[in-house]
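Student: Residues 1 to 87, numbered by full-length UniProt numbering, are exactly what the sequence shown covers, in order. Quick reminder that beta carbons are idealized off the backbone N, C-alpha and C, glycines included.
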Amino acid sequence: MAGGWTRDGAVQDQIDDTVKDAILRARALTPQGESAEECDDCGEIIPKKRREALPGVRTCIACQSERDKAVVHSTINRRGSKDSQLR
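1. Assuming the contact rule is C-beta atoms closer than 8 Å, residue 135 and I45 should be a hit. Round their C-beta distance to whole Å, please.
2. Please report the Cβ distance between I61 and R51, rounded to the nearest whole angstrom; I am assuming they are in contact, meaning their Cβ atoms lie under 8 Å.
3. Tell me the rounded alpha-carbon separation between D41 and P31.
4. Rounding to the nearest angstrom, what Cα-Cα distance links Q12 and K20 in this structure?
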């Protein structure tokens, strides 16, 4: 596919890099180690099934849901503007 000033395959490289970044970010955020029996945020007991399903879990479901809402997603713009491609 022709991309103007870009080489063939550049668009796919951008897609691959975006997917790779998302995978690395998810792995970095995945809990590891021994699970806590009580939530680090509210102190409630973390159910045994949750601790078994997610080794290293530190929060209850309610507190983790709140943490997930506060996550800021990557702001990397790999597409660039047409002006930057003409320079």
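Tutor: On the basis of the supplied data:
1. The chain is shown only over 1 to 87; residue 135 falls outside these bounds and no answer can be derived.
2. Actually they do not touch by this definition, with Cβ atoms about 12 Å apart.
3. 15 Å
4. 12 Å
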